[in-house]
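Numbering (this note's numbering), first residue to last: 106 to 732.
The beta-carbon is built from N, C-alpha and C at its ideal position, and this holds for glycine as well.
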């Protein structure tokens with residue numbers, strides 16, 4: 106295009122010049138060697154231009170004749186090179202498509218048309234053809250040859266790295282990846298592989314240096330680099346928290362600056378600060394991380410940060426977390442567990458139910474079972490919450506590549522990938538589409554609707570103080586229960602022992618009191634032998650006749666309203682009178698009874714569970730386990 110434009114401009118200039126001369130005629134006289142030549146100016150200019158053109162054409166012809174052999178050779182060489190590149194392109198496409206026959210054919214044709222030392226792609230086509238045919242040993246030798254050439258060294262190193270990974274030679278693969286990363290840190294595969302090997306061996310300092318080089322080379326984004334650096338700093342701080350708390354504290358705090366919602370960094374920073382007796386700074390760090398993202402490990406570290414705290418102190422710290430993150434299921438769960446340890450059962454139940462209503466899960470239902478066991482001891486209600494826990498979604502856990510860990514780890518034990526652990530619900534086997542896609546609040550409301558009422562024995566146990574000794578209970582209940590059972594089974598006016606009229610009158614009066622409730626009539630037609638009453642029982646019966654015994658009238662009304670069957674069960678389940686308990690001597694231990702008890706405990710609880718002690722204070726909630 107430029108040449109054509111230049112030619113047009115030249116023609117225009119010549120035309121303009123000849124027109125200008127034609128408008129200005131004149132004569133030109135030349136004296137040369139005694140001769141005088143006269144001609145017009147136009148003729149002289151025309152002769153000069155023609156002479157210049159003739160000279161140029163003559164020079165072009167002479168030059169073309171001289172350089173014609175080289176031009177012809179260059180033409181044939183270019184034609185051969187074009188056919189070689191065409192064959193190389195066809196061979197690479199065939200190798201990419203998996204056509205080994207065509208790739209080999211095009212490889213031979215390419216070698217005949219092009220030189221391998223001038224075109225490195227020929228080695229690549231040769232290697233691809235060998236790999237397609239399954240000749241891995243030949244491919245490895247070709248990669249080694251390419252690794253010796255500076256132009257194809259990186260390609261050869263990558264091929265050797267892949268072959269070493271295929272054969273399971275981790276040390277060789279690490280060597281090739283490290284070499285490639287040192288020479289070209291901008292290679293993503295080399296940097297990622299070298300970083301993975303260094304982190305797998307715990308070389309955190311070298312991994313951080315490599316990460317900085319990759320960030321300077323621009324092969325990794327800023328957000329991803331910050332996250333990776335936070336993970337590496339947390340891992341290094343966790344290893345140094347015992348030996349060097351100051352360095353661990355600095356690394357963990359720097360990691361929190363890069364990732365404020367990273368819970369493991371906050372926990373490690375807290376441990377380092379607590380080793381330096383800096384409780385105030387540790388609490389501030391945990392509170393900031395809790396505001397960013399609530400996590401159970403943060404709550405555990407915050408509630409139990411100070412040694413020697415009572416359960417009430419831990420409850421106050423848990424309530425502080427709830428104020429920082431209100432209306433959050435994790436906040437409710439923390440307060441519920443702390444309240445259970447402090448024996449604040451009403452608060453524990455309220456917060457646990459709020460957490461279950463927002464986000465029902467296996468752990469929160471197990472917590473409700475713990476609260477029910479500690480407060481009422483009603484096994485029916487406990488089993489209800491356990492059955493809800495079986496059907497509820499699982500709790501989140503540290504999961505990586507399908508592996509569930511109790512603690513966070515920087516590297517996956519399955520694939521060796523850095524920052525693979527995530528706090529999420531573990532993947533479960535899919536059993537099919539869910540037919541009851543209900544909101545969490547509705548599911549919990551259904552669980553509350555199906556919750557059985559507290560049984561009679563559990564109600565009586567609930568009325569006692571939590572730390573009271575069952576053997577030191579007042580002896581008034583057996584007399585009333587015995588009187589109620591006697592009033593149920595004995596006909597009025599026909600005592601079995603006429604020599605003792607006082608117990609008979611008490612029985613008749615109590616039977617009439619039960620029948621006056623009119624909610625559930627008591628059967629008094631079956632006579633039952635009544636034992637002789639002691640002095641304490643006579644006093645109790647006389648008090649019951651006048652209605653002066655506190656609490657007994659309400660208890661008889663509850664037995665009467667429960668119906669005949671439940672009244673009979675309550676009568677049979679009541680303990681013996683106080684005097685008979687005092688007269689009984691401690692029985693010798695029965696080996697068969699102890700063996701049956703141990704067998705029942707083994708079948709009921711896990712082998713590592715020491716059993717249930719109703720009088721012992723639970724050190725930490727979460728005693729019930731599903732698996």
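The continuous beta strand (DSSP E) containing residue 528 extends over residues 527-529. Taken through DSSP and simplified to helix, strand or coil, residue 306 comes out as coil. With 16 or more neighbouring CB atoms inside 10 Å of its own CB, residue 395 falls in the buried class. Here residue 504 is bridged, per DSSP, to 509 and 527. With respect to the 8 angstroms criterion, residue 386 and residue 363 are not classified as neighbours on the basis of their beta carbons. The alpha carbon of residue 550 has as its nearest neighbour, out of 349, 515, 470 and 480, the alpha carbon of 470.
DSSP places residue 427 inside the alpha helix (DSSP H), whose first and last residues are 416-429.
The beta carbon of residue 305 sits closer than 6 angstroms to those of 516 and 521, all from its chain and outside the five residues before and after it, given in chain order. DSSP places residue 141 outside any alpha helix (DSSP H); the residue lies instead in the beta strand (DSSP E), whose first and last residues are 140-145.
Considering only 378, 175, 548 and 450, the residue with the shortest C-alpha distance to residue 482 is 450. Using a Cβ distance threshold of 8 angstroms, residue 147 and residue 126 count as a contacting pair. The residues 207 and 211, in chain order, have a CB closer than 8 angstroms to that of residue 195 in the same chain once the five nearest residues on each side in sequence are set aside. Less than 8 angstroms separates the beta-carbon of residue 374 from that of residue 358. By the Cβ-count criterion, residue 215 is buried, with 16 or more other Cβ atoms from all chains shown falling within 10 Å of its own Cβ. Its chain contains 248 as the residues whose beta carbon lies nearer than 6 angstroms to that of residue 264, once the 5 sequence neighbours on both sides are disregarded; these appear in chain order. Of all C-beta pairs linking the region 499-512 to the region 473-490, fewer than three are shorter than 8 angstroms, placing the two stretches out of contact. Approximately 11 angstroms separates the beta-carbon atoms of residue 472 and residue 443; this is outside 8 angstroms, ruling out the contact. When DSSP states are grouped into helix, strand and coil, residue 250 belongs to the helix group. Inclusion of residue 237 and residue 205 in the CB contact set at 8 angstroms is warranted, their separation being smaller than that value.
Counting C-beta pairs closer than 8 angstroms gives three or more between the region 389-403 and the region 365-372, which meets the contact rule.
DSSP, read as helix, strand or coil, puts residue 232 in helix. Excluding residues up to 5 positions away in sequence, 346 lie with their Cβ nearer than 6 angstroms to the Cβ of residue 376 in the same chain. Beta-bridge partners of residue 134 (DSSP): 143.
Contact check for residue 486 against residue 559 passes: the beta carbons are separated by less than 8 angstroms. Under the 10 Å beta carbon count, residue 412 is surrounded by fewer than 16 other beta carbons and is classified as exposed. Beyond the five residues adjoining it in sequence on each side, residue 219 comes within less than 6 angstroms, by CB distance, of 189 in the same chain, given in chain order. Membership of residue 401 in the alpha helix (DSSP H) is indicated by the continuous run 401-408.
Annotation: residue 203 to residue 289 spans about 30 angstroms, alpha carbon to alpha carbon.
527 is the residue among 427, 498, 527 and 494 whose C-alpha sits nearest the C-alpha of residue 510.
The C-beta distance from residue 372 to residue 403 rounds to 7 angstroms, short enough to fall under 8 angstroms. It is roughly 17 angstroms from the alpha-carbon of residue 136 to the alpha-carbon of residue 150.
Shown here, residue 177 sits in a helix according to DSSP, grouped into three states.
Excluding its 5 nearest sequence neighbours in each direction, residue 294 has C-beta neighbours in its own chain below 7 angstroms: 263, listed in chain order. DSSP places residue 465 in no alpha helix (DSSP H); its state is neither H nor E. According to DSSP, residue 118 shares a beta bridge with no other residue.
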